[in-house]
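There are 2 protein chains.
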Amino acid sequence: MNADLKREREQASFDVLKITHMFDGGKAATDRRRYLERVIERDPTDIFSNDDNHYLHRTERHVRATAKHVRLVEICRKLGIGKECGGELCESDDFYFLLDAVADDLPTALHWVMFLPNIKTLCDDEQQAKWLPLCRDWKVIGCYAQTELGHGSNVRALETTATFVPESKGGKKGGSFVIHSPSMTAAKFWPGTLGRTANHAMVIARLIDGEGVDRGIHNFIVPLRSMEDHSLLPGVKTGDIGPKIGYNNMDNGFAYFDNVEIPRRNMAMRFAEVDENGKYSKKHVSAAASKVAYITMMQVRAMIVMGSSKALAMATTINIRYSAVRKQGYNEDGKTEVQVLDYKQQQHRIFPLLAASYCFFFSGRKLWDNLKKIEHKLISKKPVTKVQVADIHATSSALKSFNTMVAADGIEECRKACGGHGFLASSGLPELMCSYLQSPTVEGDNHMLPQQVVKVLLKLVQAVQSGEGVDAYTTCDSYSLVPSLKALFSGQREKCLAVNKTDMKDLPTLLLAFRHRAAMLLINVAKQLNDDVMNGKSMQEAWNYALVAMAKSSKAYSLFLLLRNFMEGIMEEQRSKLLGRAEVSVLGDLARMFALYWMEKDIGDFIHDGYLTAKQASWVAPNVLEFLDAIRPNAVALADARDLSDFRLKSALGRYDGNVYPHILEAAYKDPLNSVDPGPAYDPELKRLITGGVGVYSGTASRL
Amino acid sequence: MNADLKREREQASFDVLKITHMFDGGKAATDRRRYLERVIERDPTDIFSNDDNHYLHRTERHVRATAKHVRLVEICRKLGIGKECGGELCESDDFYFLLDAVADDLPTALHWVMFLPNIKTLCDDEQQAKWLPLCRDWKVIGCYAQTELGHGSNVRALETTATFVPESKGGKKGGSFVIHSPSMTAAKFWPGTLGRTANHAMVIARLIDGEGVDRGIHNFIVPLRSMEDHSLLPGVKTGDIGPKIGYNNMDNGFAYFDNVEIPRRNMAMRFAEVDENGKYSKKHVSAAASKVAYITMMQVRAMIVMGSSKALAMATTINIRYSAVRKQGYNEDGKTEVQVLDYKQQQHRIFPLLAASYCFFFSGRKLWDNLKKIEHKLISKKPVTKVQVADIHATSSALKSFNTMVAADGIEECRKACGGHGFLASSGLPELMCSYLQSPTVEGDNHMLPQQVVKVLLKLVQAVQSGEGVDAYTTCDSYSLVPSLKALFSGQREKCLAVNKTDMKDLPTLLLAFRHRAAMLLINVAKQLNDDVMNGKSMQEAWNYALVAMAKSSKAYSLFLLLRNFMEGIMEEQRSKLLGRAEVSVLGDLARMFALYWMEKDIGDFIHDGYLTAKQASWVAPNVLEFLDAIRPNAVALADARDLSDFRLKSALGRYDGNVYPHILEAAYKDPLNSVDPGPAYDPELKRLITGGVGVYSGTASRL
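Protein sequence lines correspond, in order, to chains C and B.
Start counting the first sequence at 1; every next residue gets the next number (my numbering).
Start counting the second sequence at 1001; every next residue gets the next number (my numbering).
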């Protein structure tokens, strides 16, 4: 092992394994994860090797990634994984451990991320009984086809139609739907797994019932390809949408439907149905059932929030290990070189991201748990209010938007902070980033979501202002804002109570500041909307002008929640005795660093209304520097604690053993450009130039 | 043409062509540029087509890009381009127009960007007479080999040695140097053009003279490959360093030297020499000559600053046109859809970047002109002081660091703000960004440069504080800071004089605020350093702790210079009568937007010391919104004015005609993944899975 890394590890003040167990949820889970990682790494077929990823053409990578999926199913069947779920892999925790262990994107992903959950939540029992076994046996591989070439987030504007045709007018027995793309921009465009892999799609289309009435958006299971030979079915045209900035294993696809007829019962009929005569009706399902469907879909967002923690963990692990190995500049002795990790500038770029990766873990876990709790309540018929559902929608929207922004920017910062070598594919960071870049855009664009957050929170503001209905929020995340909202409305000026620099490191003090800021910015949005409407703008216009302020407000709310959940999460771990004092202490440092760093970044928000005095504000930046010092000796250990294997990191720079340079070279030698010498451009091109065969200046200049 | 774009263009308040001429430097230059662009676009060989770029394997793209270079030389010779420079293409303006027109990265680039300028500035006359004709005729294709696998910015730590061997001890006639890589980390690593293309390298190595004395870093021309057949010369090992996040046409390379002997006179001997006996001596060259060399190297940085303007212009052009075409959400009528460009949030993301692309143009031009002026003074033996050289070093470092950061982040913001379609390679934005990402790292890492800026500026601070030597700065950029520095030292409190929201749109008022902020942050760095040393830290330690503050300070200085140059640039254009009132007015809007946007972003800096009151600060964000309104009707025209042809933009989203959707689809169809149906993964992989050939659960779960 590299001597610097060895020394770094020896100086850690805490037990790395305890933190690893915390992330996994206990020792047993760590052991199971590690076992499954070994299954993949040591698989004798070598299909799972990621060593050649960067040298393959996209087509080869896609084929290879498909092979990984097939092998994964084979392994599961051999090992009995998922057997406890009747062979439904997607219900088995082990399957997700294995997916993580593969450390590569599989073209089949949308099958379990969207297609299956859709069937489970939107289809009635009979439909589920038909489709789920087909899915389980991978006879049906599905995707989720919502967005169209011309329309993304604005679901109301989708063009694809599903028109009912009764048996009497040429439809199938029991009636049919005809799925049709009425224009070029109506092409389904973007769905993952659609392009080359899926043989079925859950298509979102406008339902035109037997009376010709447009009933809005509904879901339809549309067979795309034969389950016998994968040939396209009549009227269906699909393909891959072409190369992307990342995520290129995946065949995101397009699909045109030219009057494609499907059985009436391929409409997902849990919440609404069309009968054999084409009569449309909403089903009398309990409000709870539709809430369950909604909550289930929100879980995808929770997974993205948890993913933001993991992505940052990968990037910071790579950067921190490399920064410990890499030297630059001389120490005061003029001879030994400085570890890059010792530069305050480097620490200031990376440690707050390390802190964020820890912080996001606690909020991701809490969000996930809360969604599961609500789901469980609904299933066991306990009351869940609209307010509660809206509140968790706001929380998940705010966190999705903020966390993926921080993670995307953070991965890139980690990459840049590896200097030149971070530009190499073999650093692992380019692919990590480029594939991650989908996250800020999918499942609600990061710049759309703040509106939804604020829309929900403004109702709380109104409740506080009017004094009516605040009680409905007691179990909600947003209820934590109420004291500051009340103070602001009562004209009582909240002020930071720190009297010295040390006070300004106190977590409860910091949390109060973030609460005040979030409440203040939220009220400012309400005021701006109100003023603009008073001054003659329409509500839509006023809303438009407030979008910038809403983005700020949503971010401030996220930071408040994140810090609160970080603090609560640490306390929970402390109570559960999984962590000792040393671990709690270092997590506390990360939480303080996180809070102070973001306070420093947005300091204007904290001082412009006098919440912080200039004096108090002047303590923030020096405190950040102090926590850089505090975290420095534990930095490598805090990265190690995420227990990301070399196989998963796929990085010459981030290796556990620190043996960076030979692996950079090894990766270089492998490039196909080096397979012949002179290189492949010499004979056909360079040779003429160098040896003088590329023409000469003629006597007079001529024009082509 | 798309109807929305047509309407956008009709509503512009100014003459687009006048602004185009401003960017080009006059009508004649625009015409020439357009003519040369047509030469490339209409070249009958089709070599220059960029249509297949995204579908080619890296090796194919590299070969193709090499072919482009060869064809370019051929075209130049046919058209007589560069004939006026004796065939030295790299001295011909037309050659650079053509390079821009090609709109693709050429593997030969380091030949003219670094190798040739090195020969011209560091070699003596006799050496130049030998090498320049070989370069001109492309018999020699060179690269610049400085960075090593283990060492980048810290030039002092380079390991490669060049050891003198006299004829008497087996050296060549007149003596030799032996170039050697003493360790694995000594491998030259990163130099562009080195991997597969170059047959010579300008190698930076430690000179060990005839007495065995290490004379530090010097430059040596090292033949790598035979000029006859491109075979590697004895002892040389080179290759490509493998795939990168971008810039993959280029064969960035590595090189090991195993005791490679070169003639003594291959050392660049303008400033120092080693004679036949191995005696080392500095040459008595005028101080001016070494300054010229330094200034020449700084021009690369000026080119990067200008490049930041162009890169942002490309990204904002693509985004603005697409945002005008793309619709999302409904207008108040509930039927017609809203142009994405009408959302304030979208404007707030993009218009400041549009303003930055304009702003950076003026500073890039000024920096370039100033460097040329100094160079000219030096050549014509007029006095140039050390202070002046240091000052322009600070300016170029500050601007390089800040501008490339804004451009890199800005391109990505433009990409994200295209929503899903920005993720497509066919949007043009992924490649634009990924190739641009080299800029923040090369030629002085953006996070290293602020130290150098502050080091220079601290001398001015000292001069102002002591009252001695300030006059030496009168012709310097940094002299503009003096009034605020003086005020701060005299304890006189500068304050913003705006009495209402309108005052806060006044450019001189805004500039004063940016000046105050820059001076204040600079003095804070000085104070922090001073305090830390007083409190017992070593200077190196104190310096380390101040790095974060230096980064802020350098950024603040950049913003001050950028705004000042923007204002002066507009006034110059106004005086020269190239622009009319309408054009000046819209440029003024951009300048105000630029200033207010950055003030809003960093508002804490402006209020924490009371320069702005809370009241004054509260006018900033609403003013930004007002300028979004002001710029909105001219947005498309301001993008058009950069006159970036579709051929150069390479973007389905950014097309001049707005015909976005058919071109997205066309690009999708072309992906090789679509060349067969079912796709290439079906037969080898998916088939087994779907038709049931991937094993079954055995009776008891077994372990692999």
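Don't be surprised by glycine CBs; every beta carbon is placed ideally from N, CA and C.
Asked: Residue 1223 of chain B - DSSP class collapsed to helix/strand/coil; Found: strand
Asked: Touch test, the segment 105 to 124 of chain C against the segment 155 to 169 of chain C, Cβ-Cβ under 8 Å, three pairs minimum; Found: no
Asked: Cβ contact (3+ pairs, closer than 8 Å) linking the segment 580 to 587 of chain C and the segment 9 to 24 of chain C; Found: yes
Asked: Neighbour flag for residue 193 of chain C against chain B, beta carbons, 9 Å; Found: no
Asked: contact_flag[the segment 1308 to 1322 of chain B, the segment 1635 to 1648 of chain B] where n(CB pairs < 8 Å) is 3 or more; Found: yes
Asked: Contact set for residue 1049 of chain B: own chain, Cβ-Cβ below 6 Å, skip 5 residues either direction; Found: none
Asked: DSSP three-state assignment for residue 545 of chain C, whether helix, strand or coil; Found: helix
Asked: Simplified DSSP assignment, three categories, for residue 1641 of chain B; Found: coil
Asked: Helix, strand or coil at residue 393 of chain C [DSSP, three-state]; Found: helix
Asked: Any C-beta of chain B under 9 Å from that of residue 702 of chain C; Found: Since pLDDT at residue 702 of chain C reaches only 46, below the 50 mark, its modelled position is unreliable, and no value is offered.
Asked: Chain B within 9 Å of residue 607 of chain C, Cβ atoms only; Found: yes
Asked: Minimum Cβ-Cβ distance from residue 678 of chain C to chain B less than 9 Å; Found: yes
Asked: Under 9 Å between C-beta atoms of residue 253 of chain C and residue 174 of chain C; Found: no
Asked: 3 or more residues per run - each beta strand (DSSP E) lying fully within the segment 1143 to 1202 of chain B; Found: 1161 to 1165, 1176 to 1180
Asked: DSSP three-state assignment for residue 1139 of chain B, whether helix, strand or coil; Found: coil
Asked: Alpha-carbon to alpha-carbon, residue 1607 of chain B and residue 609 of chain C; Found: 11 Å
Asked: Of the listed residues C/472, C/515, C/499, nearest to residue 727 of chain C (C-alpha basis); Found: Outside the shown range of chain C (1 to 704) lies residue 727 of chain C, about which nothing can therefore be said.
Asked: Anticipated Cβ contact below 8 Å, residue 1221 of chain B with residue 1202 of chain B, distance rounded; Found: 6 Å
Asked: 9 Å Cβ cutoff, residue 1540 of chain B in contact with chain C; Found: yes
Asked: Beta-carbon spacing of residue 1565 of chain B, residue 1400 of chain B below 9 Å; Found: no
Asked: For residue 1512 of chain B and residue 1546 of chain B, the rounded distance between their alpha carbons; Found: 25 Å
Asked: Spatial distance of residue 690 of chain C from residue 1136 of chain B (CA atoms); Found: 11 Å
Asked: Nearest-angstrom Cβ-Cβ length linking residue 1176 of chain B and residue 1262 of chain B, presumed shorter than 8 Å; Found: 6 Å
Asked: Neighbour-count burial assignment, residue 1529 of chain B, 16 or more Cβ in a 10 Å radius; Found: buried
Asked: Three-state secondary structure (DSSP) of residue 1104 of chain B; Found: coil
Asked: Beta-carbon proximity check, residue 165 of chain C vs residue 98 of chain C, cutoff 9 Å; Found: no
Asked: Cross-chain neighbours of residue 1147 of chain B in chain C, by beta carbon under 9 Å; Found: 420
Asked: Rounded straight-line distance, which links the Cα of residue 1062 of chain B to that of residue 305 of chain C; Found: 39 Å
Asked: Strand pairing of residue 207 of chain C, partner residues [DSSP]; Found: C/162
Asked: Buried versus exposed, by CB contacts within 10 Å (16 or more), residue 69 of chain C; Found: buried
Asked: Straight-line Cα distance separating residue 680 of chain C from residue 578 of chain C; Found: 58 Å
Asked: Residue 33 of chain C at chain B interface by Cβ criterion, 9 Å; Found: no
Asked: The beta strand (DSSP E) enclosing residue 330 of chain C, as first and last residue numbers; Found: 327 to 330
Asked: Neighbour-count burial assignment, residue 704 of chain C, 16 or more Cβ in a 10 Å radius; Found: The pLDDT assigned to residue 704 of chain C is 43, lower than 50, so where the model puts this residue is not dependable; a value taken from the coordinates is nonetheless given after this. Residue 704 of chain C comes out exposed.
Asked: Identified DSSP bridge partners for residue 1257 of chain B; Found: B/1236
Asked: Selection of the segment 126 to 146 of chain C by Cβ proximity to chain B, strictly under 8 Å; Found: 137, 138, 139, 141
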